[in-house]
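Enquirer: According to numbering that gives the first Met the number 0, the sequence shown is numbered sequentially starting from 0.
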Amino acid sequence: MYLVCQYVCFGKKYLNTGIAGARQEIRPLLFKPNNRLKDLLFLDIALDSTVRTAIERGYEELNSAKPEKIMYFITLVLENLALSSVDNEDLIYCLKGWNQALSMSKTGDRNWALFAKSVLDRTRLALASKAESYHQLLQPSADYLGSRLGVDQWAVNIFTEEIIRAGSAASLSSLLNRLDPILRKTANLGSWQVISPVEAIGYVVVVDELLSVQNKSYGQPTILIAKSVKGEEEIPDGTVAVLTPDMPDVLSHVSVRARNSKVCFATCFDPTILAEFQANEGKLLCLKPTSADIQYSEVKETDLTGSTNLKEDGPSSSVTLVRKQFGVGAKSRNIAYLKGKVPSWVGIPTSVALPFGVFEKVLSHHLNQVVAERLQFLKNKLGGGEFSVLGEIRKTVLELAAPPQLVEELKSKMQSSGMPWPGDEGQQRWEQAWMAIKKVVKGLGETLVGAYPGRALSFTCKKNDLDSPQVLGYPSKPIGLFIRRSIIFRSDSNGEDLEGYAGAGLYDSVPMDEEEKVVLDYSSDRLINDGNFCKSILSSIARAGHAIEELYGSPQDIEGVVRDGKIYVVQTRPQM
0 MYLVCQYVCF GKKYLNTGIA GARQEIRPLL FKPNNRLKDL LFLDIALDST
50 VRTAIERGYE ELNSAKPEKI MYFITLVLEN LALSSVDNED LIYCLKGWNQ
100 ALSMSKTGDR NWALFAKSVL DRTRLALASK AESYHQLLQP SADYLGSRLG
150 VDQWAVNIFT EEIIRAGSAA SLSSLLNRLD PILRKTANLG SWQVISPVEA
200 IGYVVVVDEL LSVQNKSYGQ PTILIAKSVK GEEEIPDGTV AVLTPDMPDV
250 LSHVSVRARN SKVCFATCFD PTILAEFQAN EGKLLCLKPT SADIQYSEVK
300 ETDLTGSTNL KEDGPSSSVT LVRKQFGVGA KSRNIAYLKG KVPSWVGIPT
350 SVALPFGVFE KVLSHHLNQV VAERLQFLKN KLGGGEFSVL GEIRKTVLEL
400 AAPPQLVEEL KSKMQSSGMP WPGDEGQQRW EQAWMAIKKV VKGLGETLVG
450 AYPGRALSFT CKKNDLDSPQ VLGYPSKPIG LFIRRSIIFR SDSNGEDLEG
500 YAGAGLYDSV PMDEEEKVVL DYSSDRLIND GNFCKSILSS IARAGHAIEE
550 LYGSPQDIEG VVRDGKIYVV QTRPQM
């Protein structure tokens with residue numbers, strides 16, 4: 000206890016080393032049984048409160064402070080919050096990121112503000128996650144006790160919010176709000192990230208969550224201002240634009256759907272600008288986006304006719320499927336086409352394809368007679384309007400057994416293609432592979448392009464100067480998915496690529512092995528702290544994209560991987 004008191008006294012002058020040091024001494028004691036636990040808890044709470052009080056007293060001097068000083072204050076509060084949290088790995092990596100940003104600023108790195116902005120975005124995500132966990136932990140007890148004690152409902156509803164506001168998280172959020180516009184101005188980021196730049200005219204409607212209206216059909220062209228967009232939602236019928244303060248990934252389902260459906264989609268980082276849009280609820284606005292901004296103006300209803308992507312000229316034409324000679328979908332065809340045509344330094348994954356009709360063939364095998372009869376029974380119920388059986392159908396598909404002929408044929412093709420045969424590692428590994436194949440058929444909902452929050456690293460590169468990529472934003476995703484050397488079973492459908500057919504998100508790619516979720520530390524990543532390495536990787540990506548675009552003769556959406564500095568292309572398709 001003497002050592003703790005010594006830290007506190009020292010901390011009156013040196014807040015960062017004093018109180019933080021005292022709390023670091025206390026923290027391990029809180030996880031061990033001792034007869035002074037209550038005293039230690041109250042001491043720790045008091046020290047936490049002292050940091051917050053000291054920071055808030057210094058707000059006034061931050062009004063004219065340089066960004067480095069605000070970042071320094073952020074590190075103090077963030078460290079304090081990490082010491083108050085049990086599951087604090089993400090907060091610790093955020094703290095490392097802020098220290099890295101401070102170091103970059105001191106050394107004159109021209110991208111320091113861009114990197115600091117990515118750390119700020121990640122810190123906000125960590126705060127949002129922390130607030131959600133507090134709500135799940137505390138609010139049920141508040142609801143129960145409030146109802147028993149006769150507490151006013153409004154007070155019960157805000158109980159968890161008030162707990163959060165009384166802690167370091169509120170101080171940290173305030174500091175982030177002060178720094179955000181400074182970083183955006185320094186890094187020339189503007190107030191928008193335009194994901195789908197499409198001009199649109201519509202009536203403004205404000206909603207809390209896009210998810211809550213995704214199944215709605217608007218009878219007139221609608222500009223949705225959605226406070227929350229996670230990434231996996233559908234865009235409601237009749238919507239011509241979606242504007243949000245959220246940051247869904249540019250590869251998320253909703254982003255892809257917006258681009259393909261020619262719906263304007265953008266993130267607004269300035270609360271003032273977003274409030275202006277919200278104040279226009281019910282009015283008819285015209286949106287004119289550029290690559291980094293959205294201009295808007297109020298228009299008359301006479302300007303609406305023929306100016307939106309809503310068409311009312313009769314029912315849409317039916318889609319006719321024409322039988323072709325190939326038995327695989329666009330993904331497999333594109334991969335096969337690229338082999339031997341792209342530069343040798345661009346890797347193409349080794350692959351084999353199960354052609355269309357294999358599922359029906361497996362289902363008709365005598366090994367699966369019971370499964371086939373069960374599926375037919377469920378299909379009949381589905382035809383009668385019992386949509387609740389869809390879940391049973393999915394479960395039944397997973398009961399399929401693999402006929403010996405399929406196993407032998409697949410083994411032969413994989414081995415002759417240079418792919419490892421899972422069965423060589425034991426029966427359990429083959430069973431894992433077979434389960435993955437069945438899950439592709441079943442469909443689960445995308446994971447790699449799903450709703451993981453945060454932004455990826457982004458850059459631009461001129462086609463006439465592929466050696467000079469320009470970073471537009473550093474990554475802020477807190478979670479990375481990692482997997483052992485394995486096989487991934489890709490969804491593959493011709494229907495997914497037909498005009499007028501919405502297939503994205505209905506099909507899935509399933510890894511044979513489960514991915515490991517890892518909290519990411521960007522401060523030690525070479526892409527961040529090694530400028531030459533970053534330039535080399537980004538330039539290689541640009542060159543690969545340019546080569547594939549030249550090969551196809553049109554702009555492409557390309558998916559790929561960088562592993563040990565080598566570029567691998569796993570998918571390409573024409574831009575819609």
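The beta carbon of each residue, even a glycine, is placed where N, CA and C say it ideally should be.
Since the structure is predicted, the reported quantities are computational estimates derived from the model, not experimental observations.
Locate the beta strand (DSSP E) running through TRP420, then write down its first and last residues.
Expert: Taking the sequence shown and counting its residues from 1, the one referred to as residue 420 is at position 421. Per DSSP, TRP420 belongs to no beta strand (DSSP E) and is neither H nor E.
Enquirer: Nearest-angstrom Cα distance between ILE487 and LYS338?
Expert: The sequence position of residue 487 within the sequence shown is 488, counting from 1. The sequence position of residue 338 within the sequence shown is 339, counting from 1. ILE487 and LYS338: Cα-Cα distance of roughly 18 Å.
Enquirer: Give the secondary structure of ALA265 by DSSP, where H, G and I count as helix, E and B as strand, and everything else as coil.
Expert: Residue numbering aside, residue 265 sits at position 266 when the sequence shown is read from its first letter. Looking at ALA265 - three-state DSSP - the assignment turns out to be strand.
Enquirer: Where GLN570 and PHE72 are concerned, what is the direct C-alpha to C-alpha distance, given to the nearest angstrom?
Expert: Mapped onto the sequence shown, residue 570 falls at position 571. Mapped onto the sequence shown, residue 72 falls at position 73. Their backbone Cα atoms lie some 45 Å apart in a straight line.
Enquirer: Using DSSP bridges, identify the partner residues of PRO288.
Expert: Reading the sequence shown from its first residue, position 289 is the one you call residue 288. Partner(s): ILE293.
Enquirer: With a threshold of 8 Å on Cβ separation, who are the neighbours of ARG322 within its own chain once the five nearest residues in sequence on each side are excluded?
Expert: Residue 322 sits at position 323 when you count from the first residue of the sequence shown. Summary for ARG322: the model assigns pLDDT 42, below 50, so the residue's position carries little reliability, and this model does not support an answer.
Enquirer: Three or more C-beta pairs under 8 Å: does that hold for the region 250–267 against the region 169–186?
Expert: With a cut-off of 8 Å, the region 169–186 and the region 250–267 do not count as touching, because too few Cβ pairs lie within range.
Enquirer: Taking TYR597 as part of the beta strand (DSSP E), name the residues at either end of that continuous run.
Expert: Here the chain has residues from 0 to 575 only, and residue 597 is not among them.
Enquirer: Measure the CB-CB distance between PHE268 and SER190 and report whether it falls below 8 Å.
Expert: Within the sequence shown, numbered from 1, the residue matching residue 268 stands at position 269. Within the sequence shown, numbered from 1, the residue matching residue 190 stands at position 191. For PHE268 and SER190, yes; Cβs fall inside 8 Å.
Enquirer: In chain order, what residues of the same chain have a beta carbon less than 6 Å from the beta carbon of GLY422, not counting five sequence neighbours either side?
Expert: Position 423 of the sequence shown, counted from the first residue, corresponds to residue 422. So the list reads TRP429, once near-sequence residues are dropped.
Enquirer: To the nearest angstrom, how far is the alpha carbon of THR243 from that of PRO348?
Expert: Along the sequence shown, read from residue 1 onward, the residue named residue 243 stands at position 244. Along the sequence shown, read from residue 1 onward, the residue named residue 348 stands at position 349. In a straight line, the C-alpha of THR243 is about 37 Å away from that of PRO348.
Enquirer: Mapping the DSSP letters down to three states, classify ALA240 as helix, strand or coil.
Expert: As a working mapping, residue 240 is identified with position 241 in the sequence shown. Three-state DSSP puts ALA240 in a strand.
Enquirer: By how many angstroms is the C-alpha of LEU39 removed from the C-alpha of LYS592?
Expert: This structure cannot settle anything about residue 592, because the visible part of the chain is limited to 0 through 575.
Enquirer: As a quick exercise: from LYS105, GLY107, SER83 and VAL341, pick the residue whose alpha carbon is nearest that of PHE41.
Expert: Here residue 41 refers to the residue found at position 42 when the sequence shown is read from its first residue. The shortest Cα separation from PHE41 among LYS105, GLY107, SER83 and VAL341 belongs to SER83.
Enquirer: Are the CB atoms of ASP193 and ALA291 nearer to each other than 8 Å?
Expert: The residue labelled residue 193 in the question sits at position 194 within the sequence shown. The residue labelled residue 291 in the question sits at position 292 within the sequence shown. A quick correction: the sequence has Val, not Asp, at residue 193. In this structure, ALA291 lies closer than 8 Å to VAL193 by Cβ.
Enquirer: Across which residues does DSSP place VAL586 in a beta bridge pair?
Expert: Because residue 586 is not part of the residues shown, which for the chain are 0 to 575, the question remains open.
Enquirer: To the nearest angstrom, how far is it from the Cα of VAL239 to the Cα of GLN219?
Expert: Indexing the sequence shown from 1 puts residue 239 at position 240. Indexing the sequence shown from 1 puts residue 219 at position 220. Distance between the alpha carbons of VAL239 and GLN219: 10 Å.
Enquirer: Distance check for LEU397 and GLY96, CA to CA, integer angstroms please.
Expert: Indexing the sequence shown from 1 puts residue 96 at position 97. Indexing the sequence shown from 1 puts residue 397 at position 398. Whole-angstrom Cα-Cα distance: 44 Å.
Enquirer: Go ahead and label THR122 buried or exposed: buried means 16 or more other beta carbons lie within 10 angstroms of its beta carbon, across all protein chains shown.
Expert: For the purposes of this step, residue 122 is taken as residue 123 along the sequence shown, with counting starting at 1. Buried.
Enquirer: If distances are taken between C-alpha atoms only, which option among ASN33, SER63, LYS37 and ALA21 comes closest to GLU50?
Expert: Walking along the sequence shown from the start, residue 50 turns up at place 51. According to the sequence displayed, residue 50 carries Val and not Glu. Measuring from the Cα of VAL50, the nearest candidate turns out to be ALA21.
Enquirer: Roughly how many angstroms separate the alpha carbons of PHE355 and ASP520, rounded to a whole number?
Expert: Within the sequence shown, numbered from 1, the residue matching residue 355 stands at position 356. Within the sequence shown, numbered from 1, the residue matching residue 520 stands at position 521. Roughly 42 Å between the two C-alpha positions.
Enquirer: Okay, do the region 356–363 and the region 558–569 touch, 3+ Cβ pairs below 8 Å being the bar?
Expert: The answer is no - the region 558–569 does not touch the region 356–363, with fewer than three Cβ pairs under 8 Å.
Enquirer: Closest to ILE547 by C-alpha separation, out of GLN375, SER387, ILE222 and SER343, would be which residue?
Expert: The sequence position of residue 547 within the sequence shown is 548, counting from 1. Residue SER343 is the option with its Cα nearest to ILE547.
Enquirer: If you draw a straight line from the alpha carbon of SER457 to that of LEU223, how long is it in whole angstroms?
Expert: Counting from 1 along the sequence shown, the entry for residue 457 is found at position 458. Counting from 1 along the sequence shown, the entry for residue 223 is found at position 224. Answer to the nearest angstrom: the Cα atoms are 26 Å apart.
Enquirer: Inspect the CB distances between the region 526–542 and the region 458–476 and report whether three or more fall short of 8 Å.
Expert: Judged by Cβ distances under 8 Å, the region 526–542 makes contact with the region 458–476, as three or more pairs qualify.
Enquirer: Taking DSSP as the reference, what is the three-state secondary structure of PHE276?
Expert: The residue you call residue 276 lines up with position 277 of the sequence shown. Helix.
Enquirer: Buried or exposed for ALA112, please, with buried defined as at least 16 other CB atoms from any protein chain shown within 10 angstroms of its CB.
Expert: Taking the sequence shown and counting its residues from 1, the one referred to as residue 112 is at position 113. Classification of ALA112: buried, given that the 10 Å Cβ count is 16 or more.
Enquirer: What's the C-alpha gap between GLN404 and PHE358?
Expert: Taking the sequence shown and counting its residues from 1, the one referred to as residue 404 is at position 405. Taking the sequence shown and counting its residues from 1, the one referred to as residue 358 is at position 359. Taking the straight line joining both Cα atoms gives about 13 Å.
Enquirer: Work out the CA separation of SER117 and LYS462 for me, nearest whole Å.
Expert: Indexing the sequence shown from 1 puts residue 462 at position 463. Indexing the sequence shown from 1 puts residue 117 at position 118. Going by the C-alpha atoms only, they are around 27 Å apart.
Enquirer: Taking the alpha helix (DSSP H) that LEU471 belongs to, which residues open and close that run?
Expert: Here residue 471 is taken as the residue at index 472 of the sequence shown, counted from 1. First-last for LEU471: 469–472, but that is the beta strand (DSSP E), not the alpha helix (DSSP H).
Enquirer: So, is ASN333 buried or exposed, given that buried needs 16 or more other C-beta atoms within 10 angstroms?
Expert: By one-based count along the sequence shown, residue 333 stands at place 334. By the neighbour-count rule (16 or more Cβ atoms within 10 Å), ASN333 is buried.
Enquirer: Could you tell me how far apart the beta carbons of VAL204 and GLU297 are, in whole angstroms, since I believe they sit closer than 8 Å?
Expert: One-based indexing of the sequence shown puts residue 204 at position 205. One-based indexing of the sequence shown puts residue 297 at position 298. At roughly 15 Å, the Cβ-Cβ gap does not stay under 8 Å, so VAL204 and GLU297 are not in contact.
Enquirer: Under the three-state reduction of DSSP, which class applies to GLN579: helix, strand or coil?
Expert: Nothing can be reported for residue 579, as the shown portion of the chain is limited to 0 through 575.
Enquirer: Could you give the distance in angstroms between the alpha-carbon of PRO579 and the alpha-carbon of ASP245?
Expert: Residue 579 cannot be examined here, being either before or after the span of the chain that is shown, 0 to 575.
Enquirer: Would you mind reading off the limits of the beta strand (DSSP E) that contains LEU480?
Expert: Position 481 of the sequence shown, counting from 1, holds the residue named residue 480. From DSSP, the beta strand (DSSP E) with LEU480 extends over 478–481.
Enquirer: Alpha carbon to alpha carbon, how far is ARG56 from PRO474?
Expert: Start at 1 with the first residue of the sequence shown, and residue 56 comes out as number 57. Start at 1 with the first residue of the sequence shown, and residue 474 comes out as number 475. Rounded to whole angstroms, ARG56 to PRO474 spans 33 Å at the Cα level.
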